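Data block below; observations after.
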Amino acid sequence: MYGETLLDIAMMHSDSVIDRAQNGDKEAFNQLVSLWYKRIYNYAYKYFSEHNLASEATQKTFILVYRKIDSLKNPDSFKGWIYRIATNCCHEEERLRKVNSNSEPIDLELSAKDRRDDQVGVEDKIVNEELSEVLIECLGQINPEQRQVIIMKEYEGFKFREIAEVLDISENTAKSRLYYGLAALRKILEEKNITIESWCNE
Amino acid sequence: MNKKINEHKLTAYLYGELSGQELEEVKNHLDKNPEEKKRVEELNQVRRILGKLEEKEVIEPVFIWPEENLPRPENDNFYHSNWFKIACSITLFIVIFFISGYFLSASLKINNGSFVLGFNSEDQSKIVAPVQEFTAEDIESIIDKKLSSISENNTQQFQELSDQIQLISNKKVLDSGKIISMLDQESNQLNNNLQAYANQIQEENINALRDLVVLSSKQQQAQFETTLVEFSKYLEQKRNDDLNFILLNLKDLKQHSDNYKSKTNEILASLIEKVNDGNN
Chain R
1 MYGETLLDIA
11 MMHSDSVIDR
21 AQNGDKEAFN
31 QLVSLWYKRI
41 YNYAYKYFSE
51 HNLASEATQK
61 TFILVYRKID
71 SLKNPDSFKG
81 WIYRIATNCC
91 HEEERLRKVN
101 SNSEPIDLEL
111 SAKDRRDDQV
121 GVEDKIVNEE
131 LSEVLIECLG
141 QINPEQRQVI
151 IMKEYEGFKF
161 REIAEVLDIS
171 ENTAKSRLYY
181 GLAALRKILE
191 EKNITIESWC
201 NE
Chain Y
203 MNKKINEHKL
213 TAYLYGELSG
223 QELEEVKNHL
233 DKNPEEKKRV
243 EELNQVRRIL
253 GKLEEKEVIE
263 PVFIWPEENL
273 PRPENDNFYH
283 SNWFKIACSI
293 TLFIVIFFIS
303 GYFLSASLKI
313 NNGSFVLGFN
323 SEDQSKIVAP
333 VQEFTAEDIE
343 SIIDKKLSSI
353 SENNTQQFQE
363 LSDQIQLISN
373 KKVLDSGKII
383 SMLDQESNQL
393 NNNLQAYANQ
403 IQEENINALR
413 DLVVLSSKQQ
423 QAQFETTLVE
433 FSKYLEQKRN
443 DDLNFILLNL
453 KDLKQHSDNY
463 KSKTNEILAS
473 LIEKVNDGNN
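Residue numbers (my numbering), protein chains in the order written: chain R, 1 to 202; chain Y, 203 to 482.
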């Protein structure tokens, strides 16, 4: 989806850094955080459509990575491993949000606000910066399982096999979730009158 | 949906992950089913819209990693494990026990079912010796003997030392006289050399100063002459300029007076004319 940046290349060749981190090198671990923090945050942000929850889940992910990195047998499988931890943290964070009624429902409020704005007219809202937020919100409205597969495939560059490994499902299930997730998203975008043409006219 | 062409294959097609026969099958299927083809195209549009979503920039927080959770390699963990520490402590205790036992001649005996641990047991018999009793006179005579022998030794050593000191002092007196005479000779030589060098430098300085004074007086004279010539030129120029200025002012004054004169005449003429008109 995105062109490969230097950061992406560095992430893909971080075996030695992982080795050093496994041997207790704190500096190497900080390097790992620098390499992966933005990726994991964006993954969580697209999942929650909300900054605070995404930050919380991302930080918990790295704390778990720090505690468990010596259990990682093969540095080549680091990407799948860290996303599995991030996915679990996202699920856990979502569960806590639902259970804890005192937690601030910022994302829900945002969604409600956006919905009110939708009634005023989406067309007026579509400007470059806001459109991304609308899209994130649309993603937030589809089934979490389908959303997760869409994010992993579209934004994180996973193969179907890798998605299946991380989410512990079959490849065909991953493909089905993606297919129906995209179909659901199409419906939501249609309701909001968002098309690629309107976007390109910006 | 065709049983053969299900959503799995359509998804793989959508992401360009089909090839060969499977790809042809899906293409044929979509050609025959325009509705399904339209749906796949719509999903592709959704993908394109998703592609517009930009990455959110975020600043990573500073993590402070606790020391106790720092992972260590397995062999390192072994050296830091409690089992290793306990084993080392026991081994060290045993080693110290045997070493101290060796130096203290420890012995372990089992007699009639009792366990006996002893130290220095063999040497005890050797150390025990009959005690000899001394009287006060004996002790006094021993002390006297010892003191006399010490004083004899001291006297002999003192004599030897004083001889050596005398020898050294005689030798040093001789040597110091020689050294002083050599130093005097050297210092005289050095003084003479320094005096000669100072005279030479003084003479060179006087010559250089003389040359400099002569040269500078010549230069100053030439400079003074040049300045005088330039000053006379300046004075001449200034005088001419002043004369021109005065001349110009005189001309202006003359012109003004002429104008004044003509205006006065005109006024007088007009007055005379008015007077004449009044008379008539």
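Virtual Cβ for every residue (Gly too), placed ideally from N, Cα, C.
Bear in mind the structure is a predicted one, so any value in this text is a computation, not a measurement.
For Gln387 (chain Y), count neighbouring Cβ atoms within 10 angstroms of its own Cβ and tell me buried if that reaches 16, exposed if not. For this step, residue 387 (chain Y) is matched to residue 185 along the second sequence. So Gln387 (chain Y) counts as exposed.
To the nearest angstrom, report how far apart Pro75 (chain R) and Ala214 (chain Y) are at their CA atoms. If you number the first sequence from 1, residue 75 (chain R) lands on position 75. If you number the second sequence from 1, residue 214 (chain Y) lands on position 12. Spanning the two alpha carbons is a distance of roughly 28 Å.
Where the alpha helix (DSSP H) through Ile48 (chain R) begins and ends: As a position in the first sequence, residue 48 (chain R) is number 48, starting the count at 1. Residue identity differs from the one stated: residue 48 (chain R) is Phe in this sequence, not Ile. Start and end: Lys26 to Phe48.
Are the CB atoms of Ala213 (chain R) and Cys90 (chain R) nearer to each other than 8 Å? Since the first residue of chain R shown is 1 and the last is 202, residue 213 (chain R) is not available in this structure.
Determine which residues of the stretch 234-248 of chain Y have a Cβ less than 8 Å from any Cβ of chain R, and write them out in chain order. Arg241, Glu244, Leu245, Gln247 and Val248
Cβ neighbours of Lys311 (chain Y) in the same chain (closer than 6 Å, five flanking residues each side left out): Residue 311 (chain Y) sits at position 109 when you count from the first residue of the second sequence. Hits under 6 Å: Val318.
Expressed to the nearest angstrom, what Euclidean distance is found between the alpha-carbon atoms of Thr58 (chain R) and Ile207 (chain Y)? As a position in the first sequence, residue 58 (chain R) is number 58, starting the count at 1. As a position in the second sequence, residue 207 (chain Y) is number 5, starting the count at 1. Going by the C-alpha atoms only, they are around 39 Å apart.
Hey, does Ile207 (chain Y) have any beta-carbon neighbour from chain R nearer than 8 Å? Residue mapping note: residue 207 (chain Y) aligns to position 5 of the second sequence, counting from 1. No, its Cβ sits nowhere closer than 8 Å to a Cβ of chain R.
Asn172 (chain R) versus Ile288 (chain Y) - alpha carbon distance: To locate residue 172 (chain R), count along the first sequence from 1; it is residue 172. To locate residue 288 (chain Y), count along the second sequence from 1; it is residue 86. One C-alpha to the other measures close to 54 Å.
From the beta carbon of Phe286 (chain Y), is the nearest beta carbon of chain R less than 8 Å away? Walking along the second sequence from the start, residue 286 (chain Y) turns up at place 84. For Phe286 (chain Y), the answer is no, since every Cβ of chain R falls outside 8 Å of its Cβ.
Short of 7 Å in beta carbon distance, which residues of its chain neighbour Val33 (chain R), apart from the five on each side in sequence? Order them along the chain. Position 33 of the first sequence, counting from 1, holds the residue named residue 33 (chain R). So the list reads Phe62, once near-sequence residues are dropped.
Kindly list, in the order they appear in chain Y, the residues whose Cβ is closer than 7 Å to that of Phe29 (chain R). In the first sequence, counting from the first residue as 1, residue 29 (chain R) sits at position 29. By Cβ distance, chain Y contributes Trp267.
Do Lys38 (chain R) and Val260 (chain Y) have their C-beta atoms within less than 8 Å of each other? The sequence position of residue 38 (chain R) within the first sequence is 38, counting from 1. The sequence position of residue 260 (chain Y) within the second sequence is 58, counting from 1. Yes, Cβ-Cβ distance for Lys38 (chain R) and Val260 (chain Y) is below 8 Å.
Cutoff 8 Å: Val33 (chain R) Cβ touching any chain Y Cβ: Here residue 33 (chain R) corresponds to residue number 33 of the first sequence, with the count starting at 1. Answer yes: the Cβ-Cβ gap between Val33 (chain R) and chain Y drops below 8 Å somewhere.
Would you verify that the beta carbon of Lys26 (chain R) is, or is not, closer than 8 Å to some beta carbon of chain Y? Reading the first sequence from its first residue, position 26 is the one you call residue 26 (chain R). Interface residue, yes.
Using a C-beta cutoff of 8 Å, does His210 (chain Y) count as contacting chain R? On the second sequence, residue 210 (chain Y) is found 8 positions in, with the first residue counted as 1. His210 (chain Y) counts as touching chain R.
Using 10 angstroms around the beta-carbon of Thr428 (chain Y), count the other beta-carbons present and answer buried if the total reaches 16, otherwise exposed. Counted from its first residue, the second sequence places residue 428 (chain Y) at position 226. Classification for Thr428 (chain Y): exposed.
Across the stretch 132-145 of chain R and the stretch 11-27 of chain R, are there enough close Cβ pairs to call them in contact, namely three or more that are closer than 8 Å? no
Helix, strand or coil: how does DSSP classify Lys476 (chain Y) here? Taking the second sequence and counting its residues from 1, one reaches residue 476 (chain Y) at position 274. Helix.
Tell me the residue span of the alpha helix (DSSP H) that contains Asp168 (chain R). Residue mapping note: residue 168 (chain R) aligns to position 168 of the first sequence, counting from 1. Segment: none, Asp168 (chain R) is in no alpha helix (DSSP H) and carries neither H nor E.
Leu149 (chain Y) versus R:Lys68, R:Arg186 and R:Asp15, residue with shortest Cα-Cα distance: The structure shown does not extend to residue 149 (chain Y), since chain Y is modelled only from 203 to 482, so the question has no answer here.
Residues of the stretch 40-58 of chain R whose Cβ lies closer than 7 Å to any Cβ of chain Y, in chain order: Tyr41, Asn42 and Tyr45
From the beta carbon of Leu182 (chain R), is the nearest beta carbon of chain Y less than 8 Å away? Along the first sequence, one-based indexing puts residue 182 (chain R) at 182. Yes, because at least one Cβ of chain Y sits closer than 8 Å to the Cβ of Leu182 (chain R).
To the nearest whole angstrom, what separates the beta carbons of Leu189 (chain R) and Val149 (chain R), a pair I think is in contact under 8 Å? Counting from 1 along the first sequence, the entry for residue 189 (chain R) is found at position 189. Counting from 1 along the first sequence, the entry for residue 149 (chain R) is found at position 149. Leu189 (chain R) to Val149 (chain R), Cβ: 18 Å. No contact.
At the level of alpha carbons, what is the spacing between Tyr217 (chain Y) and Glu154 (chain R)? Against the second sequence, residue 217 (chain Y) aligns to sequence position 15. Against the first sequence, residue 154 (chain R) aligns to sequence position 154. The alpha-carbon atoms of Tyr217 (chain Y) and Glu154 (chain R) are separated by roughly 10 Å.
Compare the C-alpha of Leu139 (chain R) against each of Y:Gln366, Y:Asn356, Y:Leu437 and Y:Leu255 and name the closest. In the first sequence, counting from the first residue as 1, residue 139 (chain R) sits at position 139. For Leu139 (chain R), the nearest C-alpha among the options comes from Y:Leu255.
Val228 (chain Y) at chain R interface by Cβ criterion, 8 Å: Taking the second sequence and counting its residues from 1, one reaches residue 228 (chain Y) at position 26. Not one chain R Cβ lies under 8 Å of Val228 (chain Y).
Could you give the distance in angstroms between the alpha-carbon of Leu392 (chain Y) and the alpha-carbon of Gln402 (chain Y)? On the second sequence, residue 392 (chain Y) is found 190 positions in, with the first residue counted as 1. On the second sequence, residue 402 (chain Y) is found 200 positions in, with the first residue counted as 1. Those two C-alpha atoms are separated by around 15 Å.
Glu109 (chain R) (DSSP reduced to helix, strand or coil): Along the first sequence, read from residue 1 onward, the residue named residue 109 (chain R) stands at position 109. For Glu109 (chain R), the predicted structure reports a pLDDT of 42, less than 50, and the residue's modelled location is therefore unreliable. A value from the coordinates is still provided. DSSP places Glu109 (chain R) in helix when its eight states are reduced to three.
Looking at C-alpha atoms only, which residue of Y:His210, Y:Pro236, Y:Glu237 and Y:Asn235 is the closest neighbour of Glu224 (chain Y)? Sequence index remark: in the second sequence, residue 224 (chain Y) carries index 22 (1-based). Nearest C-alpha to Glu224 (chain Y): Y:His210.
The ligand MG heavy atom lying under 7 Å from the CB of Ile296 (chain Y): Ligands are entirely absent from the displayed structure, and the ligand MG is therefore not among its contents.
Please tell me whether Glu154 (chain R) has its Cβ less than 8 Å away from any Cβ of chain Y. Here the question's residue 154 (chain R) lines up with position 154 in the first sequence. Cβ-Cβ to chain Y under 8 Å: yes for Glu154 (chain R).
Kindly indicate which residue of R:Ser170, R:Lys73, R:Lys159 and R:Tyr83 has the alpha-carbon position closest to the one of Leu64 (chain R). In the first sequence, residue 64 (chain R) corresponds to position 64, counting from 1. If we check each option's Cα against that of Leu64 (chain R), R:Tyr83 comes out closest.
Using a Cβ cut-off of 8 Å (strictly closer), state whether Val196 (chain R) contacts chain Y. Within the first sequence, residue 196 (chain R) is the residue found at index 196, counting from 1. It is Ile, not Val, that sits at residue 196 (chain R) in the sequence shown. Yes, contact with chain Y.
Can you find a CB in chain R that lies within less than 8 Å of the CB of Thr293 (chain Y)? Locating residue 293 (chain Y) in the second sequence gives position 91, counting from the first residue. Cβ-Cβ to chain R under 8 Å: no for Thr293 (chain Y).
Determine, using beta carbons only, whether Arg186 (chain R) comes closer than 8 Å to chain B. Structure shown: chain B not included; protein chains present are R and Y.
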